[in-house]
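Numbering (the working numbering), first residue to last: 4 to 420.
For glycine and all other residues, C-beta sits at the position ideal for the given N, C-alpha and C.
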Amino acid sequence: MNTSTRQSPWVLLVGLIAFGSILTAIAGWTLPLIILAIIFMVMAHEFGHYITAKRSGMLVTDFFVGFGPVLWSKQIGETRYGVRALLLGGYVKVPGMTWNDEVDPAIESRTYRQASFPRKVLFASAGSFMHVVMALLLVWSSLLFIGQSSPSHVGITGFAQWDGHPKTAAQQAGLRSGDRIVSVDGAKVTDPTMLTTAIHSKAGQLVILRVERNGSYFTVRVTPVDGRTLKSGGAPITVGNQPVGYLGIAVGEQIVPVGVTSAIPNGFHIVGSTITSAVKAIGHVFSPGMFASLFHQVSSPTAANSPQNQQQRPQSIVGVVRIATQAANAGWAPLLGVLMTVNIFIGVLNMMPLLPLDGGYVAIATYERLRSRKGRRYKFDLAKLNLLTVGFVGVLLVLFVCTLYLDIAHPMVNPFK
4 MNTSTRQSPW VLLVGLIAFG SILTAIAGWT LPLIILAIIF MVMAHEFGHY ITAKRSGMLV
64 TDFFVGFGPV LWSKQIGETR YGVRALLLGG YVKVPGMTWN DEVDPAIESR TYRQASFPRK
124 VLFASAGSFM HVVMALLLVW SSLLFIGQSS PSHVGITGFA QWDGHPKTAA QQAGLRSGDR
184 IVSVDGAKVT DPTMLTTAIH SKAGQLVILR VERNGSYFTV RVTPVDGRTL KSGGAPITVG
244 NQPVGYLGIA VGEQIVPVGV TSAIPNGFHI VGSTITSAVK AIGHVFSPGM FASLFHQVSS
304 PTAANSPQNQ QQRPQSIVGV VRIATQAANA GWAPLLGVLM TVNIFIGVLN MMPLLPLDGG
364 YVAIATYERL RSRKGRRYKF DLAKLNLLTV GFVGVLLVLF VCTLYLDIAH PMVNPFK
């Protein structure tokens, strides 16, 4: 039987569209996009729990977006689907998550506690697995549709400003932003440092550059200017006894298209290395040194605004949304990279072997399996972990409050400028 409660789904939909339109008018399209992306990540996490529970024969009684008061819900079969007021997450409810839960005997066989060890582990870890899947999809999308920076593809990213010179030597020679420098005097350019070193050593000497522009190759002859004779903003570009050549260009690695055969292994490598980095970073986040640093930053604006501290401190949801929005304004590649990283960090954090995180249930299921014997199933009493769980939740709350305050009062400098 199907039943509905609270607001009509159409009223809710219209309300969400109106809210999104107002938010877009105020903040532009990037902020609503980031909010939708984060909500999608959270619900994909919950969908992982939902689908594995269903496939494992467990009873799923609730699948909700958000927390707090119910805005809309609908009973479909044995599961109630709905939306709650606070779109800060979601949850899937399966009866019998502990041995002390009171459950109708008629559904006991479909509870979490009666599931086999592999099914418990699959259900508990499915949310984090979904984050890894989303991270892989984001990386593959970025590699296939945008490309990957290549050290061997060095391009012009901009031009310097020289006092008294309307154009730099590079601009006078006809070079443009986006041009790729293939070789210098016949020597292949393999990285930005090699190009810079070659130009610095050729002050006042004619240099022959092989350039690629939009798939076409041509040669440019240009003479680097001695930086000792140039000023920028009233200050000499360089000083010393030796001449240093300058073309007046900024260079960097260019984005190169990646084929399917390369994108798949590259994607696994990128996600794998990010997981390794996330494990190390999360270990650092929960260290006494990090909490001491956070308390110091909360009490000292100078420490909070320190670039070194900002690079190392964890971000609250406010900080994550801000960085993702800044990434979106910088381009699709930075945005997809940030979303990939966020997915990995959420997935790794959730697998910490402590309640109420998913990893806590995996750890308990594993402990029960190790303690069980043939014909005798060991049942762990979660009440024994109450003190540890309360303590860990307290640590998470302190971390949340400190990072939220710092992200609001002392936001991190835009890393994409």
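Does the Cβ-Cβ distance between residue i and residue j come in under 8 Å?
i: HIS428; j: PRO304; result: This structure gives no information on residue 428, because the portion of the chain shown stretches from 4 to 420.
i: ALA425; j: VAL242; result: Past the edges of the chain, shown from 4 to 420, lies residue 425, and the structure says nothing about it.
i: LEU506; j: SER319; result: As displayed, the chain neither begins before 4 nor continues past 420, which places residue 506 out of reach and without an answer.
i: GLY262; j: LEU139; result: no
i: VAL416; j: GLN300; result: no
i: VAL393; j: PRO359; result: no
i: VAL321; j: ILE411; result: yes
i: ALA331; j: LEU90; result: no
i: THR264; j: MET343; result: no
i: ALA368; j: LYS57; result: no
i: ILE41; j: GLY150; result: no
i: GLY218; j: THR160; result: no
i: LEU141; j: LEU339; result: yes
i: GLY3; j: GLY69; result: Only positions 4 to 420 of the chain appear in this structure, which leaves residue 3 out of reach.
Let me confirm a value: residue i is counted as buried when at least 16 other C-beta atoms fall within 10 Å, else exposed. Which label applies?
i: ARG224; result: exposed
i: ASN244; result: exposed
i: ALA88; result: exposed
i: LEU391; result: exposed
i: HIS156; result: buried
i: SER145; result: buried
i: ASN5; result: Here ASN5 scores only 46 on pLDDT, less than 50, and its place in the model is too uncertain to base an answer on.
i: ALA253; result: exposed
i: PRO418; result: exposed
i: LEU39; result: exposed
i: SER76; result: buried
i: SER119; result: exposed
i: ARG179; result: exposed
i: LEU352; result: buried
i: THR328; result: buried
i: GLU49; result: buried
i: LYS382; result: exposed
i: ARG113; result: buried
i: VAL323; result: buried
i: TRP143; result: buried
i: TYR220; result: exposed
i: PHE348; result: buried
So what's residue i in DSSP terms, helix, strand or just coil?
i: GLN208; result: coil
i: HIS299; result: helix
i: ARG372; result: helix
i: LEU91; result: strand
i: LEU419; result: At residue 419 the sequence reads Phe, which differs from the Leu that was named. Here PHE419 sits in coil by DSSP.
i: GLY71; result: strand
i: ASN5; result: The predicted position of ASN5 is uncertain, since its pLDDT is 46 and thus under 50; a value taken from the coordinates is nonetheless stated next. The answer is coil: DSSP assigns ASN5 none of H, G, I, E or B.
i: PRO121; result: helix
i: ALA176; result: coil
i: THR200; result: helix
What does DSSP give as the partner residue(s) for residue i in the beta ladder?
i: HIS168; result: TRP165
i: ASP65; result: ARG83, LYS96
i: SER186; result: LYS191, ARG213
i: ASP229; result: GLY248
i: GLU256; result: VAL157
i: GLN151; result: VAL259
i: SER319; result: Beta-bridge pairing links SER319 to no other residue.
How about residue i: is its C-beta nearer than 8 Å to some C-beta of chain B?
i: SER280; result: Chain labels in this structure do not include chain B; a single protein chain is all it has.
task = Count the C-beta pairs between the stretch 355-371 and the stretch 126-136 that are closer than 8 Å, then say yes if the count reaches three, no if not.
result = Result yes; three or more Cβ-Cβ pairs closer than 8 Å.
query = For the 8 Å Cβ check, are there 3 or more pairs between the stretch 64-75 and the stretch 95-113?
reply = As far as the Cβ criterion goes, the stretch 64-75 touches the stretch 95-113, which means the pair count is three or higher.
inquiry  = Counting beta carbon pairs with one atom in the stretch 247-261 and one in the stretch 130-137, are three or more of them shorter than 8 Å?
reply    = Too few Cβ pairs lie closer than 8 Å, so no.
query = Given 8 Å as the limit, is there contact between the stretch 206-220 and the stretch 179-187, that is, 3 or more CB pairs closer than that?
reply = Verdict: yes, contact present.
inquiry  = Does the structure place the stretch 162-182 close enough to the stretch 226-234 that three or more beta carbon pairs sit under 8 Å?
reply    = The stretch 226-234 vs the stretch 162-182: in contact.
query = Between the stretch 284-295 and the stretch 373-392, do at least 3 Cβ pairs fall closer than 8 Å?
reply = They do not touch, by the three-pair rule.
task = Decide yes or no for the touch test of the stretch 152-166 against the stretch 75-85: beta carbon pairs closer than 8 Å, at least 3 of them.
result = Three or more beta-carbon pairs separated by less than 8 Å are not found between the stretch 152-166 and the stretch 75-85, which leaves the two stretches without contact.
key: Inter-stretch contact at 8 Å, needing at least 3 Cβ pairs: the stretch 190-210 / the stretch 270-282   = Short answer: they don't touch.
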